[in-house]
């Protein structure tokens with residue numbers, strides 16, 4: 001099946017020198033143009049066992065300027081990787097604008113290997129395929145070029161290659177298994193490649209049996225694809241089907257009920273003690289936790305966060321305040337910086353503002369284009385689904401106050417010496433767009449709040465109530481998670 | 487001995503609430519000022535076993551705004567850390583300008599523990615002490631504040647604490663040993679703290695027996711030190727004893743001898759094959775390698791690097807082209823970005839330009855102040871010594887050409903279509919300062935080329951000769967390293 005997809009010529013030995021020189025100069029030229037165009041290029045070199053992936057990548061590194069090429073070849077025993085969701089390391093190593101990154105052991109081939117080794121089931125592989133498609137599409141939507149090469153060899157060729165190395169230290173017991181499983185493996189590969197192909201990022205299949213023909217063909221694909229991509233007129237931005245929701249998730253009660261000070265203190269202490277104790281189980285069970293806080297300016301996010309972490313061991317959590325992206329972050333997909341901070345198993349990360357900035361401030365201020373923020377809803381859902389499927393407990397809070405209460409707090413801050421720094425013109429500017437924000441928040445909750453990943457809207461006109469609510473929801477969610485995992 | 491150094495009051499239980507409120511507001515104020523002053527603060531909380539370091543850090547995280555505090559508490563089984571030089575993770579986690587970072591398990595206490603556990607010998611501990619002093623001094627010279635707190639408890643108190651937990655899961659066999667070793671441990675701690683104290687960064691000793699008194703005292707130290715540091719008039723820049731060298735390491739031969747094309751090709755292939763084979767041993771022996779390339783514009787660094795990596799497996803090396811620092815890099819000590827890229831054991835990193843920029847371009851263009859570049863010579867020596875002592879093979883190449891040859895190559899580039907992008911006005915500007923650069927290079931070689939870490943000046947008026955020289959020196963250095971480690 002794979003064989004029929006091979007679509008390149010054999011190279012005569014005598015022509016090779018010439019062809020190599022030509023492809024080299026094309027590739028160098030293409031690399032330079034990528035730098036100038038400030039767009040990222042992702043190249044996947046994957047393939048059957050013993051099909052020469054390493055050799056192909058080594059040759060590519062010789063042809064291209066290796067100083068501006070990063071090769072991501074993941075070795076074994078990367079403990080850090082295993083303690084994070086599957087896509088974490090691939091995100092971490094994504095090229096920035098103007099960079100080219102080559103992946104050996106990419107997301108698709110590792111998934112296939114995991115399935116063939118019995119580490120993941122068919123259903124998990126199919127889920128993975130969805131994630132792969134969404135991941136790649138999201139990179140392409142963000143302006144990247146994704147080139148995917150698969151190296152294939154026939155059963156006869158594999159047999160020959162194994163014969164050659166049978167009595168050397170290069171031979172591995174796994175090779176024996178690979179040969180025995182050959183037909184099934186090729187079937188799985190064929191179907192997986194078909195399911196992860198798309199006109200924008202189709203798998204190209206190469207015959208791995210002759211190294212020179214293979215590498216010239218790969219080089220040509222890469223040069224062709226980069227040239228076409230850079231030469232073609234920019235595509236019109238796709239119109240996304242999207243309509244504002246008519247939902248009313250935000251409530252602004254007229255009357256505020258609050259705790260009495262001593263009731264509050266007692267309940268706070270009680271919940272903090274529960275949380276403190278839960279952490280033993282969280283660490284024992286290696287549960288990772290992500291908490292995202294969003295909310296109106298002056299709604300009390302900071303205070304809620306402080307009460308949440310107070311009972312925790314400082315080595316166990318990190319708080320990531322999210323401000324505008326740095327240069328480096330800006331050169332990457334907007335989710336890159338959030339993926340980077342996904343906690344390892346058994347740890348907690350709190351985001352003080354989060355990836356939802358894309359559909360809130362970036363939408364309203366126009367920092368994200370319509371195509372960008374409209375597609376962000378599904379990108380975000382996918383991100384959170386991936387966290388979940390790795391076992392991360394994800395909690396999302398919208399800290400809500402009424403427009404009147406916000407004004408009251410702004411005024412209060414202005415007259416309180418140690419709070420004055422907290423209030424700036426920007427706060428008033430944001431406030432003047434209150435109604436637009438309400439719509440954006442409603443859309444966000446409607447389109448990203450799922451049954452499994454709900455938004456918790458916390459009424460915060462009473463700060464005391466809101467701090468208690470955050471702790472109640474957190475402890476009860478952790479409790480459920482612990483029970484499920486025990 | 488430690489006991490006599492304790493210099494804080496006991497807190498009455500009845501006063502605690504008041505004191506806590508006061509210290510909290512001072513700390514929050516101090517934290518805000520640090521952000522505004524855009525300077526980094528490093529706080530070390532270390533101490534005897536069972537002296538309450540964790541509790542103290544947790545309390546600090548409650549008092550300060552935890553959103554802008556990073557706590558570096560290193561757990562066990564950080565494989566990545568072990569495959570890197572000792573100071574690597576501490577450098578990685580350094581605060582940037584305006585940030586406060588707290589270290590639990592810092593460089594000094596880990597060194598003491600390693601010594602007490604027999605993992606390092608007395609001589610290694612003494613070497614470590616030198617590195618610690620240099621490390622901290624270098625941070626202070628760079629504008630940081632370093633606050634170091636040591637929590638101490640008496641033998642009687644330790645005995646009590648162990649009695650209390652003896653029959654609980656919190657008791658550890660190591661506690662038994664700690665008690666038996668108490669006197670020796672305190673002796674080691676006392677002498678190590680004395681040797682790593684300095685008026686700018688003296689260890690403060692606290693009585694760990696009463697948690698409240700201890701934490702109030704620590705809080706006061708931190709607030710006092712930050713306030714004093716920010717309030718005091720900027721110190722006049724120290725005058726460093728330094729004089730230009732009169733060395734003549736650079737040679738500019740009038741007559742250039744080169745290889746014939748076929749001789750070159752044969753020798754190149756031979757050396758690349760040697761290098762290729764050496765890599766099996768390098769990986770087997772887990773030898774990390776760092777190669778730094780410096781040299782004149784158009785001297786041929788890129789070509790030499792390409793010939794060097796051509797025989798290598800692409801997953802094994804990384805090339806780091808060094809341009810101007812990013813925002814984030816700029817907010818840190820200048821060595822921070824180089825520490826970040828130190829390879830793990832068994833890997834190779836090539837720096838295309840390096841930390842030597844500090845004493846070359848930054849010196850000449852005035853990007854570094856006199857105090858900065860003058861002290862950089864010893865900072866750099868220390869950095870490389872640390873790499874060496876971890877077992878890193880460090881190679882440093884200066885690729886040298888004559889002024890005439892440089893001009894010839896500039897002209898050649900200008901008329902070669904695919905090389906035109908390589909030549910800019912900046913190249914001519916640098917060239918106009920040739921003589922100043924010669925002096926800077928001479929000083930660099932004189933002051934950072936040591937017997938163990940020599941500079942290799944590569945005559946590159948003939949590119950072919952220079953590529954061969956780089957490979958010859960590299961392979962022979964690797965060979966020596968392999969022999970030593972086998």
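Residue numbers (the working numbering), protein chains in the order written: chain A, 1 to 486; chain B, 487 to 972. Cβ atoms here follow ideal geometry from the backbone N, Cα and C, with glycine treated the same way. Being a predicted model, the structure only gives us computed values, none of them experimental.
Cβ of residue 535/B within 9 Å of any chain A Cβ: As a working note, residue 535/B is residue 49 in the second chain. Answer no: the Cβ-Cβ gap between residue 535/B and chain A never drops below 9 Å.
Secondary structure of residue 586/B, DSSP reduced to three states: Reading the second chain from its first residue, position 100 is the one you call residue 586/B. In the three-state reduction of the DSSP assignment, residue 586/B falls in the strand class, which pools E and B.
Selection of the stretch 87-121 of chain A by Cβ proximity to chain B, strictly under 8 Å: So the list reads 102 and 104, given in the order they occur along the chain.
Start-end ranges of the alpha helix (DSSP H) lying completely within the stretch 252-334 of chain A, minimum 4 residues: Whole alpha helix (DSSP H) segments, 4+ residues: 261-284, 301-309 and 327-330.
Chain B residues whose Cβ lies nearer than 9 Å to that of residue 352/A: The count along the first chain starts at 1 and reaches residue 352/A at position 352. In chain order: 553.
Neighbouring residues, chain B, relative to residue 310/A (Cβ below 7 Å): In the first chain, counting from the first residue as 1, residue 310/A sits at position 310. Within chain B, the C-beta atoms nearer than 7 Å to that of residue 310/A come from 548, in chain order.
Contact with chain A by residue 648/B, beta-carbon distance below 9 Å: Here the question's residue 648/B lines up with position 162 in the second chain. So, not an interface residue.
Neighbour list for residue 557/B in chain A, Cβ cutoff strictly below 7 Å: Along the second chain, one-based indexing puts residue 557/B at 71. Going along chain A in sequence order, the residues near residue 557/B (Cβ under 7 Å) are 314 and 315.
For residue 600/B, three-class secondary structure by DSSP: Your numbering for residue 600/B matches position 114 in the second chain. It is helical.
C-alpha gap between residue 883/B and residue 839/B, whole angstroms: Here residue 883/B refers to the residue found at position 397 of the second chain. Here residue 839/B refers to the residue found at position 353 of the second chain. The C-alpha of residue 883/B lies about 10 Å from the C-alpha of residue 839/B.
For residue 352/A, the three-state DSSP class (helix, strand or coil): By 1-based counting over the first chain, the position of residue 352/A is 352. The answer is strand: DSSP assigns residue 352/A an E or B state.
Cβ neighbour criterion (16 or more within 10 Å) applied to residue 501/B: Position 15 of the second chain holds residue 501/B. By the neighbour-count rule (16 or more Cβ atoms within 10 Å), residue 501/B is not buried but exposed.
Alpha-carbon spacing of residue 541/B relative to residue 290/A, whole angstroms: In the second chain, residue 541/B corresponds to position 55, counting from 1. In the first chain, residue 290/A corresponds to position 290, counting from 1. Distance between the alpha carbons of residue 541/B and residue 290/A: 24 Å.
Three or more C-beta pairs below 8 Å linking the stretch 637-651 of chain B and the stretch 687-698 of chain B: Short answer: they touch.
Buried or exposed by the 16-neighbour rule on C-beta atoms within 10 Å, applied to residue 406/A: As a working mapping, residue 406/A is identified with position 406 in the first chain. By the 10 Å Cβ count, residue 406/A comes out buried.
Rounded Cβ spacing between residue 99/A and residue 40/A (contact assumed at less than 8 Å): Walking along the first chain from the start, residue 99/A turns up at place 99. Walking along the first chain from the start, residue 40/A turns up at place 40. The beta carbons of residue 99/A and residue 40/A sit about 6 Å from each other, so the pair counts as a contact at 8 Å.
Residue 47/A in three-state terms, based on DSSP: Sequence index remark: in the first chain, residue 47/A carries index 47 (1-based). In the structure shown, the three-state DSSP call for residue 47/A is strand.
Reduced DSSP category for residue 10/A - H, G, I as helix; E, B as strand; rest coil: Here residue 10/A is taken as the residue at index 10 of the first chain, counted from 1. Shown here, residue 10/A sits in coil according to DSSP, grouped into three states, outside any helix or strand.
Neighbour list for residue 406/A in chain B, Cβ cutoff strictly below 9 Å: For this step, residue 406/A is matched to residue 406 along the first chain. Within chain B, no residue comes near residue 406/A; the closest Cβ sits about 20 Å away, beyond 9 Å.
Per-residue contacts from residue 421/A into chain B (C-beta, under 9 Å): Within the first chain, residue 421/A is the residue found at index 421, counting from 1. The answer, in chain order, is 518 and 522.
4-residue-minimum alpha helix (DSSP H) runs that sit fully inside the stretch 638-690 of chain B, ordered along the chain: The DSSP assignment places 641-651, 659-666 and 668-681 as complete runs of the alpha helix (DSSP H) inside the stretch 638-690 of chain B, in order along the chain (cut-off: 4 residues).
Residue-level contact to chain B via CB, residue 271/A, 9 Å cutoff: For the purposes of this step, residue 271/A is identified with residue 271 of the first chain, where counting begins at 1. No, residue 271/A lies away from the interface with chain B (no Cβ there is under 9 Å from its Cβ).
Nearest-angstrom Cα separation, counted from residue 110/A out to residue 155/A: For the purposes of this step, residue 155/A is taken as residue 155 along the first chain, with counting starting at 1. For the purposes of this step, residue 110/A is taken as residue 110 along the first chain, with counting starting at 1. Between the alpha carbons of residue 155/A and residue 110/A lies a distance of about 21 Å.
Cβ-based contacts, 7 Å cut-off: residues of the stretch 320-345 of chain A near chain B: For the stretch 320-345 of chain A, which is checked against every Cβ of chain B, the residues closer than 7 Å are 321, 326, 327 and 328.
Separation of residue 71/A from residue 802/B, as counted between CA atoms: In the second chain, residue 802/B corresponds to position 316, counting from 1. In the first chain, residue 71/A corresponds to position 71, counting from 1. Residue 802/B and residue 71/A have their C-alpha atoms roughly 9 Å apart.
Residue 563/B to residue 666/B span [Cα, whole Å]: Here residue 563/B refers to the residue found at position 77 when the second chain is read from its first residue. Here residue 666/B refers to the residue found at position 180 when the second chain is read from its first residue. Caution applies to residue 563/B, whose pLDDT of 49 falls short of 50 and renders its modelled position unreliable; the value that the coordinates give is listed next. Straight-line measurement puts the Cα of residue 666/B at about 26 Å from the Cα of residue 563/B.
Simplified DSSP assignment, three categories, for residue 967/B: Residue mapping note: residue 967/B aligns to position 481 of the second chain, counting from 1. Residue state, collapsed to three classes: helix.
Closest by C-alpha distance to residue 124/A, when choosing among 390/A, 464/A and 441/A: On the first chain, position 124 is the one that residue 124/A refers to. Distances from the alpha-carbon of residue 124/A to those of 390/A, 464/A and 441/A put 390/A closest.
Rounded separation between residue 376/A and residue 91/A - CA only: Within the first chain, residue 376/A is the residue found at index 376, counting from 1. Within the first chain, residue 91/A is the residue found at index 91, counting from 1. For residue 376/A and residue 91/A, the distance between alpha carbons rounds to 17 Å.
Below-9 Å beta-carbon distance, residue 29/A vs any chain B residue: By 1-based counting over the first chain, the position of residue 29/A is 29. Yes, residue 29/A counts as interfacial toward chain B.
Between the CA atoms of residue 919/B and residue 782/B - distance to the nearest angstrom: Position 296 of the second chain holds residue 782/B. Position 433 of the second chain holds residue 919/B. For residue 782/B and residue 919/B, the distance between alpha carbons rounds to 12 Å.
Euclidean distance between Cα positions of residue 702/B and residue 299/A: Mapped onto the second chain, residue 702/B falls at position 216. Mapped onto the first chain, residue 299/A falls at position 299. Residue 702/B and residue 299/A: Cα-Cα distance of roughly 31 Å.
At least three beta-carbon pairs within less than 8 Å, the stretch 893-900 of chain B to the stretch 810-830 of chain B: Counting Cβ pairs under 8 Å, fewer than three are found: no touch.
Residues from the stretch 769-799 of chain B in contact with chain A, defined by Cβ distance under 8 Å: Here the close residues are 788, 791, 792, 795, 796, 798 and 799.
Which of helix, strand or coil DSSP assigns to residue 945/B: Against the second chain, residue 945/B aligns to sequence position 459. Here residue 945/B carries a strand assignment [DSSP, helix/strand/coil].
Nonlocal neighbours in the same chain, by C-beta distance under 7 Å from residue 888/B, ignoring five residues either side: Reading the second chain from its first residue, position 402 is the one you call residue 888/B. If we look at residue 888/B and ignore the five residues flanking it on each side, its Cβ neighbours are 738 and 947.
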